[in-house]
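Novice: Here you go, one structure.
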Amino acid sequence: MIPDPQTTQLLYASLIGFLLGAIPAAYLIAKAKGVNIFEVGTHQAGATNVYRRVGRRAGLAVFIIDASKGIISIYVARHVFHLEGAWVIFPCAATVIGHWNSPFTKFRGGDGVASLGGIAVGLFGWGSLAPAIILTLIMGVFKSRASHPSLWGGLAAWITFLIVIIMTSTPESDALLLFTGLTALSLAILLHSVMFHLRHREYFSHDDGEEA
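Counting from 1, position 210 in the sequence shown corresponds to residue 210 in the numbering used here; the numbering is continuous, with no gaps.
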């Protein structure tokens with residue numbers, strides 16, 4: 001039985017997660033190159049938009065930083081505030097929300113896909129490797145051959161992840177519960193992306209909108 005954490009532990013861990021997520025890496029790196037990322041491409045502060053509108057190195061740097069947000073938030077939750085089990089999902093969710101609505105950029109951001117990848121690594125370590133490879137391969141192979149390659153790649157990665165969890169977890173493990181939380185975050189990010197697309201169709205008329 002996992003003990004309930006103190007409310008202050010949960011709140012502080014979530015606050016730090018939010019502040020980590022709010023670090024506007026895409027905006028700052030693009031700005032250093034003379035580009036306002038909120039005025040070009042998909043108008044989102046994500047690794048993909050920076051990759052396309054600023055450059056490959058800049059996009060890779062944003063991806064690494066944004067993914068690190070998820071990893072660090074979990075480390076802080078577990079090792080500083082001693083959260084266990086599904087409680088760590090709360091700081092993870094706060095990290096994604098911070099990425100969506102950074103107070104440092106007038107509550108604008110990206111979808112949080114890269115941060116979600118970091119969260120998956122932080123929660124499951126090497127268990128997230130196979131899904132990541134599947135996602136990368138599908139997006140690479142089908143990027144110019146099919147609509148929404150990240151959607152199909154994400155679905156295949158999710159199925160792979162579920163198989164890995166079922167095969168490697170024990171009855172005493174909380175892996176399946178954590179995976180359920182990760183799935184909920186993934187669905188929230190998907191919904192956030194869809195809603196942004198619907199509100200700003202004009203941004204995607206000449207861009208496929210795969211955002212991170």
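Just so it is clear, CB atoms sit at the ideal spot from N, CA and C, and this is done for glycine as well.
I'd like to check one pair, I189 with L116: are the Cβ atoms closer than 9 Å?
Specialist: Yes, the Cβ-Cβ distance between L116 and I189 is below 9 Å.
Novice: Please list, in chain order, all residues of the same chain as A120 whose beta carbon is under 7 Å from its beta carbon, the five residues on each side excluded.
Specialist: Contacts found: S128 and L182.
Novice: Enumerate in chain order the residues of its own chain whose CB-to-CB distance from A47 is below 7 Å, with the five nearest sequence positions on each side excluded.
Specialist: Excluding residues within five positions, the ones whose Cβ falls inside 7 Å are A26, G59, V62, F63, D66, A114 and A212.
Novice: Please state whether DSSP places S102 in a helix, a strand or coil.
Specialist: Reduced to three states, the DSSP call for S102 is strand.
Novice: CB S193 to CB D111, shorter than 9 Å?
Specialist: Closer than 9 Å, so yes.
Novice: Would you mind working out which of F104, L191 and T95 sits nearest G256, comparing C-alpha positions?
Specialist: One cannot answer for residue 256 here, as it falls past the ends of the chain, which runs 1 to 212.
Novice: Please return the same chain residues whose Cβ sits closer than 8 Å to the Cβ of I97, not counting the five positions on each side in sequence.
Specialist: Closer than 8 Å at the Cβ level, and outside the excluded window around I97, lie F18 and G21.
Novice: Give me the Cα-Cα distance between D174 and L162, rounded to the nearest whole angstrom.
Specialist: Computed Cα separation, rounded: 13 Å.
Novice: Start and end of the alpha helix (DSSP H) containing A47?
Specialist: Unbroken alpha helix (DSSP H) run through A47: A47 to R53.
Novice: So the candidates are A86, R108 and T136; which of them puts its Cα closest to the Cα of P24?
Specialist: Closest option to P24, Cα to Cα, is R108.
Novice: Hey, could you find the ends of the alpha helix (DSSP H) T180 is sitting in?
Specialist: Looking at the DSSP string, the run of the alpha helix (DSSP H) that includes T180 is A175 to R199.
Novice: Do the CB positions of V54 and I74 come within less than 9 Å of each other?
Specialist: For V54 and I74, no; Cβs fall outside 9 Å.
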